[in-house]
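Reading through the structure tokens given below for one structure.
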Amino acid sequence: MSEGSTTKTAYRALPGRREPLDRISTIIRSSSNQAVYLIAGAGLGKSSLTEGLVERLSAELNILRLHGSAALAAVPFGVLTPYTADLTAEESVSPVAVLRSMWSFFERVKAGTGAPVLLVVDDAHYLDDASAAVVADLIAAGWAKVVAAARPRPGLPQPLNQLWYDGLAERVDLRLLNREQIEEELHQILDGTIPAATVDAVWTASGGNPRILDALLHDAAAAGVLARRNGTWVLLADLPFDGERITSVVAKDHLRRAPEEQEAVKLIALAGPVSRKAIEEICGAGVVRALLEQQTVVEQPTVPAELTLWNGLLASAIRSTVSVSRSLQLLEKTRPHLDVESLRGEGLGRYVEWSLDCGLPVADQYLMAAAREALQQFTNASARRIAAKVQDPALVPAAQAIQARALFNQGRYAAAAALLDACWPNMSQDADGAAVLLLRAAAYQATGQPMDELVADVVERTTTDTGWPLDLLRLIRLGGELNAPALALEVEQLGTGTDDDAGRPLPALAGALLAHALCTAGKASQGVEAAMMAATELRALKGSLYYYPQVVLGRLVIGYLAMGEWESAEREINSYAGDLRRGHAVFDGSLQVLRGYALLRQGRLERAYQILVPAVEALRLNDPAQLFKFGAALGRHAAVRLGYTAQAKRLESDYRDAATWAPAHDLHARAHNAAATEFASAGAGLAELHSYAELARAGGRVGTQLELLAMCWDLGDQTVVPAIRTVAANVEGRWAAGLLSLAEAWDADDADTLLSVAASLEKGGFVNLARDAYGRAGARFEAAGERRRARQAVTHRERCELELGERYREGKFIAAAPAVHLTRREQDIVGLAVTGMTDREIAQHLMVSVRTVEGHLYRTYVKLGVRSREELESVFPQH
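Here full-length UniProt numbering is used: the first residue of the sequence shown is 1, the next is one more, and so on.
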């Protein structure tokens, strides 16, 4: 697990800015250009980058500083005063005299060390034209290298710009940090594991602006929102927008703007997304154009065009600085220019919240629409606040359901269950009735309430004439039992569309549950097909109060994993994660458990561990699918096998303390926990794992049975090989076929057959199975006295280990050929040799003699049991 990183370089670390720093340093050190213009908006790190540059080049150059200033922008040569102190009053306004004085100053500086001069100009956009002309002359004459940092608007003065047009200066533009750079920055600052959800939340909130990022992290830490839990940095609540540092950033930005721009920014922050036409009518088209040019405001590609601030967190921060009385004035000023009837989506939601902030009444239909929009955006506090204002008795139950879903999103399951209990009797005839009942069932499961109580309550309190509520609860029960035959019958009866009687989305749910059950029954191909059919129902369910897409996605991924289609499973996870930035806090833990499970099945223990540990921490806060126990078992399994004893003990405690769990994943959770126990202490868990495999067989879950038997084999129990051959023959998918081929080769115990099967498995993506086959083949070659072929097999095995990213651990009952150990120099030479480089080219590259290269290659041939470069390339193929 990553525990953070520290910079080892001799100069300051600038995460996300090393590339421009390297580029500027290279330009300054070269003779091709005398100047570099560093262009970036406010807060993008110009000052930090110039400081880093000064630190890096201070040993090579005489560095002088020049600071532009708004106060001196109208004073000719004002900023050059430190270098013209010896001039008379008359000379101080003469360009020639000032230039001569600057040259003399530079010559005195160079006389000390002989190093050239580098003039670093901060805020060069504030330079007066006279000073800019002198700096341009210095550059053109070659008297000094210059790095000038400026904002894109108003930009550099004309004399400096002209040098760029003439090709005498280079321009480097700083952009907003991307996600990878934000992650690098976080690892630089925070010591511990940083899960993807935390990175995404910080990246989205900061917008990639380094100044906002710094303020955000400070405020989040001060508020206790960003906290380290068991070595993992998690967000305990929404990132703060009203902290001290963020407020300071807003205030400074406010002060540098003209009054008319200040007014427009406040209006857009309060109303956005808001019609561009409305803002232009109030503030003027020129002001809007200026804000768009500054990229303070962005125009949404809607019809009609709408404006928002470039960063949502800043918009919230600005709103928090506006008093209620001033906000009300601006609202009254804006209202005549808005067509409230035409407002939709986020625009309507913002208008409703703005009105509520000002204490104004809002019609219930607008409140309901805005609350639903807030729910879709996962702004749960807003959804609850807005829905709570609904007064119409006919709408109150639906408003309570919205509040309940928002509470569910926040992990407050008991409060959600109470609200759902209250609103359900009046929702059974509603279009959202099925979603409310499903959400209620999920809340009951999350709080550990018996499902029998829910069934009894539904039977007693439902007023509908149809039987769909009981049908739905029956589906949930069958899904928990993974009863494939019964679920298949339900899907057949429901057909491919929604229920005609009440428009209930039962087919999507039934199809997803059937998909999971089919996978456990060894029919993974049919399971994937069922999940895809369920996915076709999702479009009609968009905006529902229940999380149908997550339910279907989970089953589709499980289907791909059962088939051994690792890449397809990862593609689905990545696609979904990319679409759900806002909902990361709710579903990311569940998503990462699926990813960790996939990696564990592939034998990629280290990566699985790195995913599962933060996933368990995320599930402590929010566990809508009740996967905490399953995730803890998976994490413990990986931790034990990697030798991370402390984490393994903690995860074991988490597993045992889990009060609730998903019934469909319970057998897998118990099996992985038993496997971890067996690996930690031989003989302590294997019998238990066998009993779970038998339980799966008795329940008709041959797919699960095969998976558990494979876990037994992985623990070194070869007695399961005959059973694996029998079961795998009746299980669909490439993984089962690969396992079957390995079991057959294992029983045949022929080294050549094992080697052939291993190569086929490796090509098919089953690297962990290939690794074991190579190890077995190596042992057989060794026993037969074929040491050269044994070493080749072991080398192939080690290549598999390298790809899996783990240290090879010998099976308890599997003898293996001794590992081949190459020295670092031998590894370097072999790595170059397989690329096609000659001995002489390798010698030149490594700065050693040709004889040294030949000697190392000969010793490598002996160790690996090969006789030529061609055989060497077969052992270490070029990637």
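For each residue, glycine too, the CB sits at the ideal point set by N, CA and C.
Using CA coordinates, which residue listed in ASP129, TRP310, ASN62, LEU66 is at the minimum distance from ALA111?
-> Counting from one through the sequence shown, the residue named residue 111 turns up at place 111. The candidate whose alpha carbon is nearest that of ALA111 is ASN62.
Taking DSSP as the reference, what is the three-state secondary structure of ASN62?
-> In the sequence shown, residue 62 corresponds to position 62, counting from 1. Strand, per DSSP.
What three-state label does DSSP hand GLU309 in the structure shown?
-> Position 309 of the sequence shown, counting from 1, holds the residue named residue 309. This sequence places Leu at residue 309; Glu is not what is there. If DSSP states are grouped into helix, strand and coil, LEU309 belongs with the strands.
Integer Cβ distance of PHE628 from VAL616, believed to fall under 8 Å | Numbered from its first residue, the sequence shown carries residue 628 at position 628. Numbered from its first residue, the sequence shown carries residue 616 at position 616. That pair is a contact at about 7 Å.
Are the beta-carbon atoms belonging to TYR548 and LEU538 less than 8 Å from one another?
-> Along the sequence shown, read from residue 1 onward, the residue named residue 548 stands at position 548. Along the sequence shown, read from residue 1 onward, the residue named residue 538 stands at position 538. Against a cut-off of 8 Å, the Cβ pair of LEU538 and TYR548 comes out as a contact.
Could you give the distance in angstroms between the alpha-carbon of THR81 and the alpha-carbon of VAL147?
-> Reading the sequence shown from its first residue, position 81 is the one you call residue 81. Reading the sequence shown from its first residue, position 147 is the one you call residue 147. In a straight line, the C-alpha of THR81 is about 19 Å away from that of VAL147.
For residue 967, three-class secondary structure by DSSP = As shown, the chain starts at 1 and ends at 879. That puts residue 967 outside it, with no answer to give.
Would you say GLN705 and VAL721 are within 8 Å of each other, going by their C-beta atoms?
-> Translated into the one-based positions of the sequence shown, residue 705 becomes position 705. Translated into the one-based positions of the sequence shown, residue 721 becomes position 721. Not closer than 8 Å, so no.
What's the C-alpha gap between ARG869 and VAL767?
-> Sequence index remark: in the sequence shown, residue 869 carries index 869 (1-based). Sequence index remark: in the sequence shown, residue 767 carries index 767 (1-based). Rounded to whole angstroms, ARG869 to VAL767 spans 25 Å at the Cα level.
Residues in its own chain within less than 8 Å of ARG859 by CB, not counting five upstream and five downstream?
-> What you label residue 859 is simply residue 859 of the sequence shown in a count that begins at 1. For ARG859, where only same-chain residues beyond five positions count, the Cβ hits under 8 Å are GLU826.
Identify the residues that DSSP records as bridge partners of GLU170: which are they?
-> Position 170 of the sequence shown, counted from the first residue, corresponds to residue 170. GLU170 pairs with VAL36.
Alpha carbon to alpha carbon, what distance is there between ASP137 and VAL54?
-> Here residue 54 is taken as the residue at index 54 of the sequence shown, counted from 1. Here residue 137 is taken as the residue at index 137 of the sequence shown, counted from 1. The alpha-carbon atoms of VAL54 and ASP137 are separated by roughly 22 Å.
Flag this pair as touching only if the stretch 740–753 and the stretch 523–542 have three or more C-beta atom pairs under 8 Å; answer yes or no.
-> no
What are the boundary residues of the beta strand (DSSP E) that TRP233 is part of?
-> In the sequence shown, counting from the first residue as 1, residue 233 sits at position 233. 232–235 is the span of the beta strand (DSSP E), which, as asked, contains TRP233.
Please confirm whether GLN626 and GLN445 have their CB atoms less than 8 Å apart.
-> If you number the sequence shown from 1, residue 626 lands on position 626. If you number the sequence shown from 1, residue 445 lands on position 445. Cβ distance < 8 Å, so GLN626 and GLN445 count as in contact.
Taking the alpha-carbon positions, what's the ASP457 to ILE189 distance?
-> Walking along the sequence shown from the start, residue 457 turns up at place 457. Walking along the sequence shown from the start, residue 189 turns up at place 189. Their Cα atoms are separated by approximately 52 Å.
Report the rounded CA-to-CA distance for SER428 versus PRO469, giving the unit in angstroms.
-> Taking the first residue of the sequence shown as 1, we reach residue 428 at position 428. Taking the first residue of the sequence shown as 1, we reach residue 469 at position 469. Cα to Cα, the separation comes out at about 8 Å.
Buried or exposed: THR193, going by 16 or more other Cβ atoms within 10 Å of its Cβ?
-> Here residue 193 corresponds to residue number 193 of the sequence shown, with the count starting at 1. Buried.
Alpha-carbon spacing of VAL303 relative to VAL287, whole angstroms | Taking the first residue of the sequence shown as 1, we reach residue 303 at position 303. Taking the first residue of the sequence shown as 1, we reach residue 287 at position 287. For VAL303 and VAL287, the distance between alpha carbons rounds to 21 Å.
Where GLN300 sits in the DSSP three-state scheme = Here residue 300 refers to the residue found at position 300 when the sequence shown is read from its first residue. If DSSP states are grouped into helix, strand and coil, GLN300 belongs with the strands.
GLU281 burial status per 10 Å Cβ neighbour count (16 or more: buried) | Here residue 281 is taken as the residue at index 281 of the sequence shown, counted from 1. Exposed, because fewer than 16 other Cβ atoms sit within 10 Å of the Cβ of GLU281.
Identity of the residues DSSP links to SER275 by a beta bridge | Working through the sequence shown from its first residue, we reach residue 275 at position 275. According to DSSP, SER275 bridges with GLU306.
Does DSSP put THR26 in a helix, a strand or coil?
-> For the purposes of this step, residue 26 is taken as residue 26 along the sequence shown, with counting starting at 1. Helix, per DSSP.
Starting from ASP432, trace the beta strand (DSSP E) both ways and give me its first and last residue.
-> For the purposes of this step, residue 432 is identified with residue 432 of the sequence shown, where counting begins at 1. Element bounds for ASP432: n/a, residue is neither H nor E.
Whose CA, out of LYS763, ALA648, LEU695, ARG151, lies closest to the CA of GLU678?
-> Along the sequence shown, one-based indexing puts residue 678 at 678. The shortest Cα separation from GLU678 among LYS763, ALA648, LEU695, ARG151 belongs to ALA648.
So which of LEU804, ARG840, PRO624, SER316 has the shortest CA-CA distance to PHE408?
-> Along the sequence shown, one-based indexing puts residue 408 at 408. Closest option to PHE408, Cα to Cα, is PRO624.
Test item: CB-CB of LEU561 and ALA531 under 8 Å | Looking up residue 561 in the sequence shown gives position 561. Looking up residue 531 in the sequence shown gives position 531. No. Outside cutoff.
Return helix, strand or coil for PRO20, following the three-state DSSP convention.
-> By 1-based counting over the sequence shown, the position of residue 20 is 20. Three-state DSSP puts PRO20 in a helix.
Under the three-state reduction of DSSP, which class applies to LEU715: helix, strand or coil?
-> Along the sequence shown, read from residue 1 onward, the residue named residue 715 stands at position 715. Reduced to three states, the DSSP call for LEU715 is coil.
Cβ of ARG607 within 8 Å of Cβ of GLY805?
-> Within the sequence shown, numbered from 1, the residue matching residue 607 stands at position 607. Within the sequence shown, numbered from 1, the residue matching residue 805 stands at position 805. Contact: yes.
Answer yes or no: do LEU226 and LEU213 have a C-beta to C-beta separation smaller than 8 Å?
-> Reading the sequence shown from its first residue, position 226 is the one you call residue 226. Reading the sequence shown from its first residue, position 213 is the one you call residue 213. No; because the gap between Cβ atoms is not below 8 Å, this pair is not in contact.
HIS672 beta carbon less than 8 Å from that of ALA633 = Start at 1 with the first residue of the sequence shown, and residue 633 comes out as number 633. Start at 1 with the first residue of the sequence shown, and residue 672 comes out as number 672. Yes, Cβ-Cβ distance for ALA633 and HIS672 is below 8 Å.
Assuming LEU38 contacts ALA149 (C-beta within less than 8 Å), just tell me the rounded distance between them.
-> Here residue 38 is taken as the residue at index 38 of the sequence shown, counted from 1. Here residue 149 is taken as the residue at index 149 of the sequence shown, counted from 1. Confirmed, Cβ separation roughly 4 Å.
Buried versus exposed call for THR334 [16 or more other C-beta atoms within 10 Å across all chains shown] = Position 334 of the sequence shown, counting from 1, holds the residue named residue 334. So THR334 counts as buried.
Taking the CB atoms as reference points, tell me whether MET847 and GLY733 lie closer together than 8 Å.
-> Here residue 847 refers to the residue found at position 847 of the sequence shown. Here residue 733 refers to the residue found at position 733 of the sequence shown. No.
Anticipated Cβ contact below 8 Å, PRO154 with ALA130, distance rounded = Position 154 of the sequence shown, counting from 1, holds the residue named residue 154. Position 130 of the sequence shown, counting from 1, holds the residue named residue 130. Not really, about 17 Å apart at Cβ, beyond 8 Å.
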